[in-house]
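Count along the sequence shown starting at 1, add 376, and that's the number in the working numbering. Beta carbons: idealized from backbone N, C-alpha and C, even for Gly. Treat the numbers as computed from the prediction; the structure is a model and nothing was measured.
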Amino acid sequence: MSDPRAPYVPVKTPWGLVILLGSLTAFAPMSIDMYLSSLPAIGADLGASPAQTQGTLAAFFAGMAIGQFIYGPASDRFGRRPPIVVGVAIYILASIACALASSPEMLIGARFIQALGGCAGGVVARAVVRDRFNHTETARMLSLMTLIMGLAPILAPLLGAALLVAGGWRLNFWFLAAFGLVVGGASLWRMKESRSAETLAQAMSESPFGAYLALLKQPRLVGYALAGALNGATLFTYISASPQLLMGTYGVSPTQFPWLFGLNAAAVIGSSQINRYALRRATPDEVLSRASLASVAAGALLAIAAVTGIGGPWTVLPML
Numbered sequence: 377m378s379d380p381r382a383p384y385v386p387v388k389t390p391w392g393l394v395i396l397l398g399s400l401t402a403f404a405p406m407s408i409d410m411y412l413s414s415l416p417a418i419g420a421d422l423g424a425s426p427a428q429t430q431g432t433l434a435a436f437f438a439g440m441a442i443g444q445f446i447y448g449p450a451s452d453r454f455g456r457r458p459p460i461v462v463g464v465a466i467y468i469l470a471s472i473a474c475a476l477a478s479s480p481e482m483l484i485g486a487r488f489i490q491a492l493g494g495c496a497g498g499v500v501a502r503a504v505v506r507d508r509f510n511h512t513e514t515a516r517m518l519s520l521m522t523l524i525m526g527l528a529p530i531l532a533p534l535l536g537a538a539l540l541v542a543g544g545w546r547l548n549f550w551f552l553a554a555f556g557l558v559v560g561g562a563s564l565w566r567m568k569e570s571r572s573a574e575t576l577a578q579a580m581s582e583s584p585f586g587a588y589l590a591l592l593k594q595p596r597l598v599g600y601a602l603a604g605a606l607n608g609a610t611l612f613t614y615i616s617a618s619p620q621l622l623m624g625t626y627g628v629s630p631t632q633f634p635w636l637f638g639l640n641a642a643a644v645i646g647s648s649q650i651n652r653y654a655l656r657r658a659t660p661d662e663v664l665s666r667a668s669l670a671s672v673a674a675g676a677l678l679a680i681a682a683v684t685g686i687g688g689p690w691t692v693l694p695m696l
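In C-alpha cells, the structure reads:
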C-alpha cells in the first residue's frame, strides 16, 4: 500500500476515463435534480399528496443505500463490467416505468428500482479508481470525477424545467432512460476490466456480511464513513426540502428555482477543485479534517437561521 505522506508526483490525467466515470456517478444527481421542478406537476397529475411526492425522493434514497451493499461485493466477485450492465439495464427499464406511472404508488416503486439500478454506476466507478490509482491519485481522481458529476446538479434542474414546459413531467424520465442507454453503451465500449486477481481471491474467500462486519471494526474506516454519511445527510436533506424551502417559503418561481439550485452545485464543483489542489500540499486526512470543521461551522449558522427565521435565500444559500 502506498504511503499517503509520500511526495506528490503528478501524472497525466486520463480525461476520457474521468469523463466516463464521472458520468457513471452522475446517475444519482441526474435522477434527483432533474425532476425537482416537476414535483408540483406530478402531484397534480397523479393526485398525489405532498407526502407522496416527497416519497418519490425518499424511495430513491432508500434504493441508493441498499443497492450499494449489493454492487460492492458483486463487482469484486464478478468484475467491474457485469454490474454496470445489470445496473444500467435496471435503471433504463425503471426510468421507463416512471415515465408510464399512473399512480403515486407506481411512481414510488419505480423510483426505488431506478435507484437500485443507478447506484451501480457510482459504486463501480469508485472501485475502478481504486483499482488503477494509488492513495493520493485516487483522491485527485475523485475530485476530477466530482467536477464532471457536479455539472449534473447545475444542468439537470435547468433541463428538467425545460422538459417540463416542453412535454410535461414524464419527459424527464424518458430523458433519463436515454441518458442511461448512452452512458451504459459508452461503458461497455470504453471501460476495461480492472478488477485484480487478488481482489477476486479475497472476495471468494470471505462472505460479504463477514467483510462488512470486519470493516465496522476498523475505527479509521468508520470515521471516514461517518464523515461522509453526515455530509451526505445534510446534502439530501437540502435536496428534498429545497423545492418547499425556495418555492414555498421564499416564494421563488419554478423558473428561478433551477438557477438558485444550480448555484449550490457550482459551489460543489469549486470545492472539488480546491480539494484537488489542497491534496498537493496536505494529506487526505488533513484536508478532510479542515473541510469537516468548515461544514460544522456552516451547519451551526444554518441552525441559527432556521430557529430565528433571520435571513432569506441570499443569506441561507451561501451557507448551504
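(request) Please list, in chain order, all residues of the same chain as Met-410 whose beta carbon is under 6 Å from its beta carbon, the five residues on each side excluded. (result) Ala-532, Gly-536 and Asn-548
(request) Alpha carbon to alpha carbon, how far is Gly-627 from Ser-581? Give it in angstroms, no decimals. (result) 57 Å
(request) Tell me, to the nearest whole angstrom, how far the beta carbon of Phe-403 is from that of Gly-497; I am working on the premise that it is less than 8 Å. (result) 5 Å
(message) Let me check understanding here. Comparing Cα to Cα, which of Ala-503, Ser-413 and Ala-473 lies closest to Gln-632?
(response) Ser-413
(request) Measuring alpha carbon to alpha carbon, tell me which of Ala-681, Ala-679, Leu-606 and Asn-640 ends up nearest Ser-668. (result) Leu-606
(message) The alpha helix (DSSP H) that contains Ser-616, what's its start and end?
(response) 595-618
(request) Below 7 Å CB to CB, which residues in the same chain sit around Pro-390 once its five sequence neighbours on both sides are set aside? (result) none
(message) Rounded to the nearest angstrom, what separates Leu-735 and Ala-673 at their Cα positions?
(response) This structure gives no information on residue 735, because the portion of the chain shown stretches from 377 to 696.
(message) Helix, strand or coil, according to DSSP, for Thr-631 in the structure here?
(response) coil
(message) According to DSSP, simplified to helix, strand and coil, what is Ala-642?
(response) helix
(request) Answer with buried or exposed for Arg-656, where buried requires no fewer than 16 other C-beta atoms within 10 angstroms of its C-beta. (result) exposed
(message) Classify Pro-480: buried if its beta carbon has 16 or more other beta carbons within 10 angstroms, exposed otherwise.
(response) buried
(message) I'd like to know if the region 448-463 and the region 553-571 are in contact, where contact means that at least 3 CB-CB pairs between them fall below 8 Å.
(response) yes
(message) Just to confirm, is the Cβ distance from Glu-574 to Gly-455 under 8 Å?
(response) no
(message) Going by C-alpha to C-alpha distance, which of Pro-619, Ser-399 and Gly-638 sits closest to Leu-534?
(response) Gly-638
(request) Pull up the CB-CB distance for Gly-419 and Gln-490, whole angstroms please, since I reckon it's below 8 Å. (result) With 8 Å as the limit, Gly-419 and Gln-490 do not qualify as a contact, their Cβ atoms being about 19 Å apart.
(request) Counting only runs of 4+ residues fully inside the region 502-542, write out the alpha helix (DSSP H) ranges in chain order. (result) 511-525
(request) Would you kindly check if the distance between the Cβ of Ala-450 and the Cβ of Ala-470 is under 8 Å? (result) no
(message) What does the alpha-carbon distance come out to for the pair Gln-620 and Ala-577?
(response) 49 Å
(message) At the level of alpha carbons, what is the spacing between Glu-513 and Thr-659?
(response) 11 Å
(request) Assign Pro-660 to one of three DSSP states: helix, strand, or coil. (result) helix
(message) Please report the straight-line C-alpha distance between Thr-432 and Leu-523, rounded to a whole angstrom.
(response) 27 Å
(request) Would you mind sorting Phe-488 into buried or exposed? The rule is 16 or more other CB atoms within 10 Å of its CB. (result) buried
(message) Give me the residue from Ala-465, Tyr-447, Ile-530 and Gly-544 with the minimum Cα distance to Leu-698.
(response) Outside the displayed range of the chain (377 to 696) lies residue 698, so it cannot be described from this structure.
(request) Determine the direct distance from the alpha carbon of Ala-473 to that of Val-558, and round the result to whole angstroms. (result) 18 Å
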